[in-house]
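Have a look at the structure below before the remarks.
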Amino acid sequence: MTASARPQTLWLGRWGFVLAATGSSVGLGNIWKFPYMTGEYGGGAFVLVYLLCIALIGVPIMMAEIAVGRRGRANPVEAVRRVARESGCRGLWSGLGWMSMICGFMILSFYVVVAGWSISYLWKALSGGLQAESVDGMAAIFAANNANPWNLGFWSTLVTIVTMLIVGKGVQAGIERSVRWMMPGLVVMLALMIGYAVVSADFSAGVHFLFDFNVGELTGEAVLAAMGHAFFTLSLAAGAIIAYGAYLPANQSIVRTTLTVAICDTLVALMAGLAIFPVIFANGMDPASGPGLIFMSLPLAFQAMPFGGVMEVVFFLMLTVAALTSSISMIEATVAWLNQSHGLTRRRAAWGVGIVLWVISTLAMLSFNVGAEWKLAGKHFFDWLDFLTSRLMMPLGGLGMALLTGFFLRRRAIREELAMPSWLFGLWQFAVRYVSPIAIVVVFLDALGWLGTGFDWRWLAAILVVGLAVETGLRKRASRADEAVG
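Numbering (my numbering), first residue to last: 1 to 486.
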């Protein structure tokens, strides 16, 4: 790799990347979605299926993105272009880097609004503004919070400013330094909340909800949910992992690093469930998923418990930290592109991106108030950003990365980055060539509502058997080609 292909800085160590990538993965969805899915779809049985999906879908694609980032030593656009050219592929593959970078920016454009909810509720918890007598009363507070564009705009703008301040300082002084205290702080706050749940809430009910082994609940819908979350939870196809991978030192194992991130992401999500659901069950509330759980049910539950006001502050502080670590990762690819490809300083690149982000996120914020009637095909601007990224761009980006690294990049080049034993590399290659793409296509079709209820899962097994036979032939041919080149 030439000197020009090197980024200006690297993570100080493997844990810098692990904490940053885990912070990118641990978002609000881990707090209000995954624990609920676990309880609803079979508890411990769902966790096992989910871990299998992480191993076969999330981890192989994440390893591929890190390898591309480190091999290319640049932002997603340049990194994909470099590794594609190295393997004699056409420059059209750089479109994959463009899509992932734009996808991350679009996600952040509506995510800062959601993150603004967290900070605004932290302020309300500190100032005593979360007082109501029922869930309907809390819902009224939530609606009023969104109905005022000046209020909601202030908090989403604050998220944008804090994010740009951190990213503008650079990889080590900004991102790595911030996640080194934010991520351990998040875990400490979760542990504190779990301890509170053990002493003051119905902890056993929360444990049963999350971990009872109910195989009968593992329906096709549950497997689809596990597959979808395994892909989306690791921030794949959004530019963040490729950008972060570019800063990973060459002597750090991609395999070990990826597994550490996947395990940490899952543990934090389960810890969130152990912190939240005992409090919900102690107050006889419905453990429904989504913003209603976090911004309506939970504040009311804390209100009825001893030291609930203190724990409410701790919870929303934790939620704010989780939102900020994700925001930082989503903008890094764009800032790195301006810095590396156009020569802007980190600070100028960050604030330039921040201004554009603020304009677009303001339009997304207005979907909840003065722009509530501005719809196209029945969707607000906020909804369109969510739809285009989660339903289209991320699945297509993940599929493209699997095809690029599985079929088009030279086997020797990708093996040098992954540095795995032959048998383990063979498993990774089979997963990234067949298992991950098929699963992503299934998730993609299901998200668009095209899959239907009559999907026969036996077709997956048949396709994978055929894929295994094809893969055996391809591996033999690749080995002969490598020997010829050598």
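Note that CB positions come from ideal geometry on N, CA and C, so glycine has one too. Owing to the predicted nature of the structure, the values given are computational and were not obtained by experimental measurement.
Within 8 Å, strictly: CB atoms of residue i and residue j
i: L234; j: Y41; result: no
i: C89; j: G239; result: no
i: F281; j: D202; result: yes
i: T351; j: M138; result: Residue identity check: residue 351 is Trp in the sequence provided, not Thr. No.
i: I54; j: A301; result: no
i: V77; j: W337; result: yes
i: A364; j: L385; result: yes
i: L190; j: M271; result: yes
i: G406; j: L96; result: no
i: G73; j: T257; result: Looking at the sequence provided, one finds Arg at residue 73 rather than Gly. Not a contact, by the Cβ cut-off of 8 Å.
i: S367; j: F381; result: yes
i: S87; j: L409; result: yes
i: V26; j: T260; result: no
i: N283; j: P149; result: no
i: S329; j: G23; result: yes
i: V114; j: S361; result: no
i: V159; j: G116; result: yes
i: I66; j: L248; result: yes
i: A197; j: A269; result: no
i: R82; j: G91; result: no
i: V335; j: A64; result: no
i: A333; j: M101; result: yes
i: V314; j: I331; result: no
i: R347; j: G216; result: no
i: L172; j: L12; result: Looking at the sequence provided, one finds Gln at residue 172 rather than Leu. Yes.
i: A79; j: A222; result: no
C-alpha gap between residue i and residue j, whole angstroms
i: G400; j: A147; result: 40 Å
i: A45; j: F232; result: 20 Å
i: L28; j: A323; result: 6 Å
i: V59; j: A21; result: 13 Å
i: L392; j: S200; result: 44 Å
i: T2; j: G273; result: Model confidence at T2 stands at a pLDDT of 40, short of 50, so the residue's coordinates are unreliable; what they give is reported in the following sentence. Cα to Cα, T2 sits roughly 47 Å from G273.
i: S436; j: F105; result: 24 Å
i: A243; j: A205; result: 41 Å
i: A288; j: D383; result: 21 Å
i: T320; j: F430; result: 39 Å
i: N30; j: L298; result: 16 Å
i: G343; j: I355; result: 18 Å
i: L376; j: L108; result: 21 Å
i: L10; j: V310; result: 39 Å
i: I61; j: L236; result: 7 Å
i: R412; j: V255; result: 17 Å
i: G228; j: W423; result: 27 Å
i: A5; j: A262; result: Bear in mind that the predicted position of A5 carries a pLDDT of just 46, short of 50, making it unreliable; the figure below should be weighed with that in mind. Each residue's alpha carbon lies about 28 Å from the other.
i: Q131; j: Q303; result: 8 Å
i: F444; j: S127; result: 43 Å
i: A140; j: G292; result: 11 Å
i: L224; j: T345; result: 43 Å
i: G195; j: G174; result: 32 Å
i: D265; j: G371; result: 35 Å
i: F307; j: M193; result: 11 Å
Whole-Å CB distance - residue i paired with residue j, under 8 Å assumed
i: A84; j: W93; result: 4 Å
i: A178; j: I166; result: First, the amino acid is wrong: residue 178 is Ser here, not Ala. Contact flag correct, Cβ pair sits at about 5 Å.
i: V135; j: M296; result: 5 Å
i: G426; j: L210; result: Contact flag wrong, Cβ pair sits at about 35 Å.
i: N75; j: S341; result: 7 Å
Test: residue i CB closer than 8 Å to a CB of chain C
i: L190; result: In the structure shown, chain C cannot be found, because there is only a single protein chain.
Residue i burial status per 10 Å Cβ neighbour count (16 or more: buried)
i: N339; result: buried
i: E312; result: buried
i: E176; result: buried
i: R71; result: buried
i: V18; result: buried
i: N251; result: exposed
i: A143; result: exposed
i: F277; result: buried
i: V526; result: Past the edges of the chain, shown from 1 to 486, lies residue 526, and the structure says nothing about it.
i: A349; result: buried
i: A439; result: buried
i: W181; result: exposed
i: E417; result: buried
i: F110; result: buried
i: A402; result: buried
i: G170; result: buried
i: P421; result: exposed
The ligand SAM heavy atom lying under 7 Å from the CB of residue i
i: G352; result: With respect to the ligand SAM, the structure offers nothing, as it holds no ligand at all.
**OP:** Please go through the segment 101 to 154 and give each complete beta strand (DSSP E) segment of 3 or more residues, from N-terminal end onward.
**Re:** Segments of the beta strand (DSSP E) lying fully in the segment 101 to 154: there are none.
**OP:** Let me know the alpha helix (DSSP H) ranges lying completely inside the segment 44 to 113, each 4 residues or longer, listed in chain order.
**Re:** Unbroken alpha helix (DSSP H) runs of no fewer than 4 residues, entirely contained in the segment 44 to 113, are found at 44 to 53, 59 to 72 and 76 to 86, following chain order.
**OP:** Please go through the segment 373 to 421 and give each complete alpha helix (DSSP H) segment of 4 or more residues, from N-terminal end onward.
**Re:** Scanning the segment 373 to 421 for uninterrupted alpha helix (DSSP H) segments of 4 residues or longer gives 381 to 386, 394 to 403 and 411 to 418, listed from N- to C-terminal end.
**OP:** May I have a chain-ordered list of the alpha helix (DSSP H) segments no shorter than 4 residues that lie completely inside the segment 231 to 287?
**Re:** Fully enclosed alpha helix (DSSP H) runs of 4 or longer: 240 to 245 and 254 to 282.
Original post:
Along the chain, which unbroken stretches of the alpha helix (DSSP H) at least 4 residues long are found entirely within the segment 166 to 210?
Top reply: With a minimum length of 4 residues, the continuous alpha helix (DSSP H) runs that stay inside the segment 166 to 210 are 177 to 200.
Subject >> Uninterrupted alpha helix (DSSP H) stretches inside the segment 310 to 379 (no shorter than 4 residues) >> reply: Runs found: 346 to 365.
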